[in-house]
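Input: a single structure, listed below in structure tokens.
Protein chains: 2
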Amino acid sequence: MGTVSKALKLLSYFAPDRTEVGLSDLTRLSGMNKATVYRLMGELQESGFVEQSENDRAYRLGPQVLHLAALREASTPILSVSRRVLRELSDETGETTHVSLGHETHVQTLSHAYSPSHATKVTMEDAQTVTYHATSSGLAILAYADPEFVEQVLAQPLKAHTSMTLVDPDEIRAKLAAIRETGLSDTLGSFELEVHSHAVPIFGADRRAIGALAVAAPASRMSPEQQETIRAALRRAGAALTHRIGGSPPADYPQNIPA
Amino acid sequence: MGTVSKALKLLSYFAPDRTEVGLSDLTRLSGMNKATVYRLMGELQESGFVEQSENDRAYRLGPQVLHLAALREASTPILSVSRRVLRELSDETGETTHVSLGHETHVQTLSHAYSPSHATKVTMEDAQTVTYHATSSGLAILAYADPEFVEQVLAQPLKAHTSMTLVDPDEIRAKLAAIRETGLSDTLGSFELEVHSHAVPIFGADRRAIGALAVAAPASRMSPEQQETIRAALRRAGAALTHRIGGSPPADYPQNIPA
DNA sequence: AACCAACGGTTCAAATAATGAACCACTTGC
DNA sequence: GCAAGTGGTTCATTATTTGAACCGTTGGTT
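Order-wise, the sequence lines are chains A and B.
Quick note on numbering: the first sequence equals residues 61 to 319 in the working numbering.
Quick note on numbering: the second sequence equals residues 61 to 319 in the working numbering.
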């Protein structure tokens with residue numbers, strides 16, 4: 061692993077529940093030498109990727125990441141576009157919605173929206189890291205990913221988040237095939253019990269799945285009618301989001317599924 | 061310069077008008093060896109900071125920057141908060157508004173809002189890089205920056221963007237002192253002719269200026285009354301933004317300026 | 001069709017930068 | 001006043017980065 065990768069890996073230890081990290085923590089988390097971490101963080105700081113708290117000297121992400129994100133948005137505006145799509149989808153379905161992006165080994169939630177319709181709802185945090193195999197979003201992405209990428213994901217240890225999580229690679233492959241039939245994935249309690257989640261893949265300009273759009277609802281509220289509402293709304297919203305970021309679904313993506 | 065800094069410097073060549081850059085371009089822009097650029101970009105790609113176009117192999121910023129920005133927003137939500145502040149300020153003043161962040165050698169616009177009030181307005185792009193000395197935002201930040209930082213900025217060559225740009229360090233120092241009197245900066249045509257811009261600094265938790273909030277209007281529309289409206293609105297909005305990101309103005313910041 | 005220039009990508013000995021054990025100064029809790 | 005934690009620093013050893021020259025392709029010109 062090159063020096064640059066090591067430095068960037070240090071950035072990955074920031075998380076929603078750990079927005080500030082000290083030098084010693086980073087050293088432990090990364091397993092690198094303290095002097096190395098210190099120097100790398102110093103370089104990251106010079107470039108504005110992290111900044112240091114005045115009093116306790118803990119590191120936090122710096123303003124430079126906002127700048128780069130603004131630039132990325134200028135070319136591929138998935139965030140700003142998805143915000144509106146999420147808002148509409150939440151209003152339409154009355155449930156919590158979110159978009160996620162597929163990464164090398166995991167899926168990251170990017171943005172979410174709540175609906176005021178119900179007092180009980182699935183709550184979310186942005187920038188959460190979740191697994192491919194246990195989430196409807198992750199499975200939706202996998203269903204339209206390169207087969208070798210799927211195998212790479214399935215070759216890793218698959219954690220059983222709940223008793224409902226699919227951890228058998230063969231079962232997951234079957235599930236992915238089923239998802240490809242409809243273009244829509246759903247999981248019941250496989251990441252968190254009592255949560256019934258539906259998702260559709262979002263495609264980039266190269267017709268590959270780059271992320272997913274999802275609706276998460278309490279299982280208790282998931283009547284067959286509600287499920288049909290969600291599936292229809294999700295299909296429309298997903299197609300809209302894919303289109304508005306300049307992407308296109310692959311030729312074999314089920315376009316017009318009759319009710 | 062360490063390897064990490066070199067890699068991160070490569071990211072700085074992305075701009076609103078150059079969202080995709082090829083290997084040879086990066087080599088020329090950075091002055092580094094092609095093999096070096098290739099390897100560094102490869103590492104940036106592995107970490108998801110950039111991705112490569114399928115057809116022409118040009119690099120563009122990757123999804124990882126969005127993830128980090130979402131995290132940064134979770135701890136210091138300047139972007140999401142500023143969006144609302146900008147909206148209100150634009151509605152109130154009828155003009156274009158924007159927030160910028162101060163960096164080592166330059167200022168970067170982060171987000172902006174337009175007003176529908178007038179057909180003619182100042183147009184903006186997010187993630188633009190501008191100079192400290194020629195913009196009201198930059199001067200507002202400098203007025204509340206460390207004196208040594210000010211000298212560092214003034215020691216660089218100061219480009220005359222227009223005939224109105226202040227380029228004499230002494231004149232700029234005088235201007236900064238004047239800004240400190242009122243806590244508000246304005247420039248007329250110093251970055252672009254015919255644009256009259258007002259700005260207030262935004263302070264972080266450590267009471268240092270981290271950025272600026274600005275209103276940019278066509279000079280022709282800037283009557284004394286309109287100017288007073290803008291100054292008052294800007295003062296309020298700036299205080300609100302500083303407060304809502306968890307920051308505080310320094311003790312010597314003029315708080316309640318009578319009209 | 002032959003040419004040329006520019007592109008992305010690759011190689012490997014030489015040069016340079018990264019590394020890590022041990023260190024210091026400081027703060028916190030007992 | 002001790003012990004254990006913190007952030008920060010040093011410097012000989014080591015491993016990585018570097019860059020000139022290379023290859024294969026592509027697209028435009030003669």
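Cβ atoms here follow ideal geometry from the backbone N, Cα and C, with glycine treated the same way.
Residue of the options minimising C-alpha distance to residue i
| i | options | result |
| --- | --- | --- |
| Gly108 of chain B | B:Pro123, B:Ala297 and B:Gly249 | B:Pro123 |
| Pro207 of chain A | A:Val159, A:Arg143 and A:Ile232 | A:Ile232 |
| Thr225 of chain A | A:Leu253, A:Leu236 and A:Ala200 | A:Leu253 |
| Leu58 of chain B | B:Leu100, B:Gly154 and B:Gln286 | Within the shown structure, residues of chain B are numbered from 61 to 319, placing residue 58 of chain B beyond reach of any answer. |
| Ala179 of chain A | A:Leu244, A:Met61, A:Glu155 and A:Gln105 | A:Glu155 |
| Ile305 of chain A | A:Val167, A:Ser171 and A:Ala134 | A:Ala134 |
| Ser197 of chain A | A:His258, A:Glu288 and A:Phe74 | A:His258 |
| Glu111 of chain B | A:Asp186, A:Ala274 and A:Ala265 | A:Ala265 |
| Ser250 of chain B | B:His221, B:Gly243 and B:Val275 | B:His221 |
| Thr242 of chain B | B:Ala274, B:Ala276, B:Glu152 and B:Ala203 | B:Ala203 |
Proximal residues of chain B, C-beta to C-beta of residue i below 7 angstroms
| i | result |
| --- | --- |
| Arg120 of chain A | Ser135 |
| Val125 of chain A | Val125, Leu128, Ala129 and Arg132 |
| Leu71 of chain A | Leu128 |
Within-8 angstroms CB hit, residue i to chain B
| i | result |
| --- | --- |
| His166 of chain A | no |
| Gly401 of chain A | The structure shown does not extend to residue 401 of chain A, since chain A is modelled only from 61 through 319, so no value can be given for it. |
| Glu4 of chain A | Summary: the structure shown does not reach residue 4 of chain A, with chain A confined to residues 61 through 319, and so no result is reported for it. |
| Pro76 of chain A | yes |
| Pro309 of chain A | no |
| Glu155 of chain A | no |
| Leu214 of chain A | no |
| Leu170 of chain A | yes |
| Leu161 of chain A | yes |
| Leu68 of chain A | yes |
Backbone CA spacing between residue i and residue j [nearest angstrom]
| i | j | result |
| --- | --- | --- |
| Val210 of chain A | Gln216 of chain A | 10 angstroms |
| His193 of chain B | Leu218 of chain B | 7 angstroms |
| His127 of chain A | Pro261 of chain A | 27 angstroms |
| Ile138 of chain A | Thr302 of chain B | 28 angstroms |
| Glu103 of chain A | Ser171 of chain A | 29 angstroms |
| Val255 of chain B | Ala279 of chain B | 5 angstroms |
| Ala95 of chain A | Gln188 of chain A | 29 angstroms |
| Gly162 of chain B | Ala297 of chain A | 38 angstroms |
| Gly91 of chain A | Asp77 of chain A | 20 angstroms |
| Gln315 of chain A | Ser113 of chain B | 26 angstroms |
Proximal residues of chain A, C-beta to C-beta of residue i below 7 angstroms
| i | result |
| --- | --- |
| Glu152 of chain B | Within chain A, no residue comes near Glu152 of chain B; the closest Cβ sits about 23 angstroms away, beyond 7 angstroms. |
| Ala187 of chain B | His127, Ala130, Leu131 and Ala134 |
| Leu139 of chain B | Leu126 |
| Glu114 of chain B | Asp266 |
Contacts that residue i makes with chain B (C-beta to C-beta distance below 8 angstroms)
| i | result |
| --- | --- |
| Ser65 of chain A | Glu103, Glu106 and Ser107 |
| Leu301 of chain A | What Leu301 of chain A touches in chain B: nothing, since even the nearest Cβ is about 14 angstroms away. |
Cutoff 8 angstroms: residue i Cβ touching any chain A Cβ
| i | result |
| --- | --- |
| Thr266 of chain B | Just to set this straight, residue 266 of chain B is Asp in the shown sequence, not Thr. Output row for Asp266 of chain B: interface = yes. |
| Thr79 of chain B | yes |
| Ala274 of chain B | no |
| Ala95 of chain B | no |
| Gly306 of chain B | no |
| Leu100 of chain B | yes |
| Ala319 of chain B | Confidence at Ala319 of chain B is low in this model, with a pLDDT of 42, below 50, so the placement of that residue should be treated as unreliable; the coordinate-derived value is given next. No - not a single Cβ of chain A is within 8 angstroms of the one on Ala319 of chain B. |
Listed by chain order, chain A residues near residue i by CB distance under 8 angstroms
| i | result |
| --- | --- |
| Gly62 of chain B | Thr63, Arg99 and Glu103 |
| Leu146 of chain B | Per Cβ cutoff of 8 angstroms: no residues; Leu146 of chain B is ~13 angstroms from chain A at best. |
| Glu288 of chain B | None at all; the shortest Cβ gap to chain A is about 32 angstroms. |
Any non-hydrogen atom of the ligand NAP within 7 angstroms of residue i CB
| i | result |
| --- | --- |
| Gly82 of chain B | As for the ligand NAP, it is missing from this structure, which has no ligand bound. |
**Request:** Determine contact between the stretch 111-119 of chain B and the stretch 73-88 of chain B, defined as no fewer than three beta-carbon pairs at a distance below 8 angstroms.
**Result:** yes
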